[in-house]
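J.:
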Amino acid sequence: MGECLFCKIAEGVIPAEHVYEDADYVAFEDINPKSPTHVLVIPRRHIATLNDLTAEDRALAGGLIEVGAKVAKRLGHEENGYRLVLNCNADAGQTVFHIHLHLMAGRTFAWPPG
Ligand code: 5GP
Ligand code: ZN
């Protein structure tokens, strides 16, 4: 996807503060953090929204959560906790159409979210 911001971050064409990378995922600092830790975890493969996931993507979608938890633990949030968030389309506030898991930590969060 030539015009996708997060594909370009995954490829290294657009710079970001990367905190984790492997063959299938990239995690980097959110440019406009809403908590002391605010990392975005993305699959390298372009998937626009959660609506585009299929049964074939179960391992990829599960891996997204596994990487989010791994990065959370590496950053020292295992004990105090953290929040993993996936936004889909307008009502949830999705603004970048390449699926991304928000890893947020370092403060307490309200429930339900606003
Ligand atoms: P969404 O609202 O789609 O769930 O989340 C998109 C997130 O991407 C936002 O938290 C926003 O701050 C972040 N973001 C948007 N553009 C950039 C960028 O160019 N670089 C980085 N690192 N994060 C971005
Ligand atoms: Zn993309």
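Take the sequence shown: its letters are residues 3 to 116, numbered as in the working numbering. Think of the CB as a built atom: it goes at the ideal place given N, C-alpha and C, for glycine as much as any other residue. Keep in mind that this is a model prediction, so the values were computed, not measured.
With respect to 7 Å, is the separation between the Cβ of Cys90 and the closest non-hydrogen atom of the ligand ZN below this value?
T.: If you number the sequence shown from 1, residue 90 lands on position 88. Because no heavy atom of the ligand ZN lies under 7 Å away, the Cβ of Cys90 does not count as near it: no.
J.: If we count the other Cβ atoms within 10 Å of its Cβ and call it buried at 16 or more, is Ala61 buried or exposed?
T.: The residue you call residue 61 lines up with position 59 of the sequence shown. When all chains shown are included, Ala61 counts as exposed.
J.: Who are the Cβ neighbours of His79 in its own chain at under 6 Å, not counting the five residues just before and after it?
T.: Here residue 79 corresponds to residue number 77 of the sequence shown, with the count starting at 1. For His79, where only same-chain residues beyond five positions count, the Cβ hits under 6 Å are Ala107.
J.: Any heavy atom of the ligand ZN closer than 7 Å to the Cβ of His48?
T.: In the sequence shown, the residue the question calls residue 48 occupies position 46. Result yes, Cβ under 7 Å from the ligand ZN.
J.: Would you call the region 96-103 and the region 44-57 touching, i.e. three or more CB-CB distances under 8 Å?
T.: Touching, yes.
J.: In angstroms, rounded to a whole number, what distance separates the CA positions of Glu19 and Phe30?
T.: Within the sequence shown, the letter at position 17 stands for residue 19. Within the sequence shown, the letter at position 28 stands for residue 30. Cα to Cα, the separation comes out at about 5 Å.
J.: Out of Arg85, Val28, Asp59, Asp32, state which residue places its alpha-carbon closest to the alpha-carbon of Cys9.
T.: For this step, residue 9 is matched to residue 7 along the sequence shown. Of the candidates Arg85, Val28, Asp59, Asp32, the one whose C-alpha sits nearest the C-alpha of Cys9 is Val28.
J.: With a CB to CB cut of under 8 Å and the five nearest residues on each side skipped, what residues in its chain are close to Pro38?
T.: Taking the first residue of the sequence shown as 1, we reach residue 38 at position 36. So the qualifying residues of the chain are Ala107, Gly108, Arg109.
J.: Within a Cβ cutoff of 7 Å, which residues of the same chain sit near Leu52, ignoring the five residues on either side of it in sequence?
T.: Numbered from its first residue, the sequence shown carries residue 52 at position 50. Closer than 7 Å at the Cβ level, and outside the excluded window around Leu52, lie Leu88, Cys90, Ile101.
J.: Ends of the alpha helix (DSSP H) at Glu13?
T.: Here residue 13 refers to the residue found at position 11 of the sequence shown. Counting along the chain, the alpha helix (DSSP H) containing Glu13 begins and ends at 7-13.
J.: Using 8 Å as the threshold, is the C-beta distance between Asp54 and Val41 below it?
T.: Walking along the sequence shown from the start, residue 54 turns up at place 52. Walking along the sequence shown from the start, residue 41 turns up at place 39. No. Outside cutoff.
J.: Nearest to Val69 by CA position, among Cys6, Ala94, Glu5, Ala25, is which residue?
T.: Against the sequence shown, residue 69 aligns to sequence position 67. Nearest option by C-alpha distance: Ala25.
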